[in-house]
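Peer 1: Numbered per this note's numbering, the sequence shown spans residues 5 to 430.
Cβ atoms here follow ideal geometry from the backbone N, Cα and C, with glycine treated the same way.
Pasting a structure below so you can have a look.
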Amino acid sequence: MTRRPTLPEVKNSLPAKTSQTAKNDVIQPIPLTARRLESAREGVDAQIRDQVEELKTKIRALFPDQLDAISETGGWSAEHRNALTKAVKAVDPVAVYAAWLEAEPNNTAGAERISRQTAVERAFNSVEQHAQKDEVEPDQIAELTDELGKLAKIQPMEGDLTSNLDALRTWAEIRQILQGIEPEPVAVSALPTGKVRLIYNPDLAFGTAIVLSENTVMVGSRGRGGVKIGKGNAAEALGLPVIADDPISNAEGPTVNDGVLLVNPKTTGANVHYVVNGKAYTMEPGMSQVLPANVEWFIEFDRGGSVGFTRYVLPKGTFHFAPTDTGWDLYQHRYDVTIDNSRDPKDFHFIFNDERLVVRAGHTKTLSSRYPIVLRYDRGDATDLARKVLNFSGTVEVGINAADNRWDIFREEGNAKRVLDTQIFK
Numbered sequence: 005m006t007r008r009p010t011l012p013e014v015k016n017s018l019p020a021k022t023s024q025t026a027k028n029d030v031i032q033p034i035p036l037t038a039r040r041l042e043s044a045r046e047g048v049d050a051q052i053r054d055q056v057e058e059l060k061t062k063i064r065a066l067f068p069d070q071l072d073a074i075s076e077t078g079g080w081s082a083e084h085r086n087a088l089t090k091a092v093k094a095v096d097p098v099a100v101y102a103a104w105l106e107a108e109p110n111n112t113a114g115a116e117r118i119s120r121q122t123a124v125e126r127a128f129n130s131v132e133q134h135a136q137k138d139e140v141e142p143d144q145i146a147e148l149t150d151e152l153g154k155l156a157k158i159q160p161m162e163g164d165l166t167s168n169l170d171a172l173r174t175w176a177e178i179r180q181i182l183q184g185i186e187p188e189p190v191a192v193s194a195l196p197t198g199k200v201r202l203i204y205n206p207d208l209a210f211g212t213a214i215v216l217s218e219n220t221v222m223v224g225s226r227g228r229g230g231v232k233i234g235k236g237n238a239a240e241a242l243g244l245p246v247i248a249d250d251p252i253s254n255a256e257g258p259t260v261n262d263g264v265l266l267v268n269p270k271t272t273g274a275n276v277h278y279v280v281n282g283k284a285y286t287m288e289p290g291m292s293q294v295l296p297a298n299v300e301w302f303i304e305f306d307r308g309g310s311v312g313f314t315r316y317v318l319p320k321g322t323f324h325f326a327p328t329d330t331g332w333d334l335y336q337h338r339y340d341v342t343i344d345n346s347r348d349p350k351d352f353h354f355i356f357n358d359e360r361l362v363v364r365a366g367h368t369k370t371l372s373s374r375y376p377i378v379l380r381y382d383r384g385d386a387t388d389l390a391r392k393v394l395n396f397s398g399t400v401e402v403g404i405n406a407a408d409n410r411w412d413i414f415r416e417e418g419n420a421k422r423v424l425d426t427q428i429f430k
């Protein structure tokens with residue numbers, strides 16, 4: 005028969021619940037490698053070539069037609085016609101204007117029209133040639149836009165040319181930005197904070213980002229608009245609620261979830277003198293006292309004036325001293341806090357009373373306790389869990405702290421959600 009082992013006098017305690025919580029992810033940028041950067045440059049050049057090709061038919065319809073130009077010169081001498089033809093072939097707007105006025109000094113309208121058409125041709129030819137060599141610069145697009153604007157004052161043209169050129173210029177600006185970028189030797193693992201230059205890329209999925217430099221981030225905008233360049237907070241551009249305010253204070257001291265907690269709120273503005281189980285204490289405004297569990301606690305205090313002393317037996321929970329019309333009194337307090345995750349596209353994970361909980365994206369969750377609520381949560385930076393005390397009833401919002409682009413919780417005042425500060429000067 006197998007001998008039964010002797011049991012130790014001290015029992016083995018059950019292991020405590022794990023304090024690990026699910027990670028609250030922040031946006032992890034896609035690493036900018038040399039290969040990705042080169043691919044991005046090639047993609048932008050291809051976009052520019054395609055857009056220039058699409059513009060070609062619309063723009064060339066505005067060029068001076070040599071036959072039409074000559075047909076208007078029936079009364080000119082051969083010398084004057086030859087001078088105009090030579091200037092048009094040379095795409096020289098100044099020479100075109102001069103040749104026309106030499107033949108017809110009183111027809112400045114005709115001279116300006118054909119000169120403006122020639123200027124548009126020259127500007128477009130420059131853009132097209134540089135696009136074929138992958139060397140388009142924003143200034144070249146700006147010059148073409150300027151010449152088209154001058155021509156539009158005297159000759160009707162298609163209304164969508166401006167938007168086409170705006171998009172083309174944006175791609176040229178992106179090209180210029182990418183030419184000045186070098187990949188970091190170590191992959192950037194966090195979004196920069198504050199206001200940065202943002203490149204919205206419709207070819208990248210929404211919610212993805214590439215940090216190009218400390219002040220430039222490319223963010224995905226697929227399905228949410230075309231290419232554009234702007235300024236703003238990178239996390240906010242990626243759909244996260246960014247809040248420029250002070251978060252809930254960090255919890256100090258041990259967590260109270262048993263026994264009796266006596267509190268003299270700051271709002272009383274006065275000291276309170278009281279006796280607990282025969283021992284006298286004085287509590288200043290904003291202070292508290294913890295009385296351990298498993299003891300029967302009696303409290304006595306003078307209510308002030310002629311009211312006299314009162315005596316209570318204290319059950320478990322939190323009790324606030326409060327001055328009333330009939331003197332000081334003691335009220336049992338309960339904390340009800342709603343965690344608002346309604347603006348967040350991600351689930352928010354946290355620990356409350358050693359229990360792992362989650363507030364689903366776009367939802368809220370209400371917690372209730374007889375003691376100040378202490379939450380622990382991952383801020384998304386692979387450091388120790390944040391520990392926050394909610395010693396009030398109300399609503400707190402989950403959001404990205406604008407100071408460091410990490411998760412935090414912020415108190416909502418009067419159901420008002422906190423957002424980035426509005427800036428008058430951009």
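Let me check understanding here. Comparing Cα to Cα, which of 60, 76 and 34 lies closest to residue 214?
Peer 2: 34
Peer 1: Drop a sphere of 10 angstroms on the beta-carbon of residue 78, count the other beta-carbons inside from all chains shown, and report buried for 16 or more, exposed for fewer.
Peer 2: exposed
Peer 1: Do residue 405 and residue 247 have their C-beta atoms closer together than 8 Å?
Peer 2: yes
Peer 1: So for residue 221, helix, strand or coil by DSSP?
Peer 2: strand
Peer 1: Between the segment 244 to 264 and the segment 368 to 378, are three or more C-beta pairs nearer than 8 Å?
Peer 2: yes
Peer 1: Should residue 313 go down as buried or exposed, given a rule of 16 or more other Cβ atoms within 10 Å for buried?
Peer 2: Around the beta-carbon of residue 313, fewer than 16 other beta-carbon atoms lie within 10 Å, marking it exposed.
Peer 1: Counting C-beta neighbours from all protein chains within 10 Å, is the total for residue 86 16 or more, i.e. buried, or is it exposed?
Peer 2: exposed
Peer 1: Please check the pair residue 299 and residue 265, which I expect to be a contact at CB under 8 Å, by giving their CB distance rounded to whole angstroms.
Peer 2: Wrong, their Cβ atoms sit about 14 Å apart, outside the cutoff.
Peer 1: Going by the DSSP bridge assignment, what does residue 290 pair with across the sheet?
Peer 2: For residue 290, which the question treats as bridged, DSSP gives no partner whatsoever.
Peer 1: Can you tell which of 49, 134, 111 and 183 has the C-alpha that lies nearest to the C-alpha of residue 76?
Peer 2: 111
Peer 1: Might you give, ordered along the chain, the residues of its own chain that have their beta carbon closer than 8 Å to the beta carbon of residue 276, omitting 5 neighbours on each side?
Peer 2: 268, 286, 287, 305, 325 and 332
Peer 1: Near residue 95, which residues of its chain fall below 7 Å by C-beta distance, leaving aside the five closest residues on each side in sequence?
Peer 2: 122, 125, 126 and 129
Peer 1: Spatial neighbours of residue 58 within its chain, please: CB distance less than 8 Å, with the 5 preceding and 5 following residues excluded, ordered by chain position.
Peer 2: 168
Peer 1: Helix, strand or coil: how does DSSP classify residue 227 here?
Peer 2: coil
Peer 1: Between which two residues does the alpha helix (DSSP H) holding residue 128 run?
Peer 2: 112 to 136
Peer 1: Going by DSSP, what residues sit across from residue 301 in a beta bridge?
Peer 2: Beta-bridge pairing links residue 301 to 318.
Peer 1: Who are residue 346's beta bridge partners in DSSP?
Peer 2: None, per the DSSP bridge assignment.
Peer 1: Put residue 49 into one of helix, strand or coil per three-state DSSP.
Peer 2: helix
Peer 1: By a C-beta neighbour count over all protein chains shown, 10 Å radius and 16 as the cutoff for buried, is residue 234 buried or exposed?
Peer 2: exposed
Peer 1: Could you tell me the distance, in whole angstroms, from the CA atom of residue 242 to the CA atom of residue 134?
Peer 2: In a straight line, the C-alpha of residue 242 is about 34 Å away from that of residue 134.
Peer 1: Checking the sheet assignment: what are the DSSP bridge partners for residue 403?
Peer 2: Beta-bridge pairing links residue 403 to 412.
Peer 1: Suppose you measure from the CA of residue 61 to the CA of residue 245; what does that come to, to the nearest Å?
Peer 2: 45 Å
Peer 1: Measure the C-alpha to C-alpha separation of residue 164 and residue 389 and round it to an integer number of angstroms.
Peer 2: Each residue's alpha carbon lies about 54 Å from the other.
Peer 1: Around the C-beta of residue 160, are 16 or more other C-beta atoms found within 10 angstroms, so that it is buried, or is it exposed?
Peer 2: Result: exposed.
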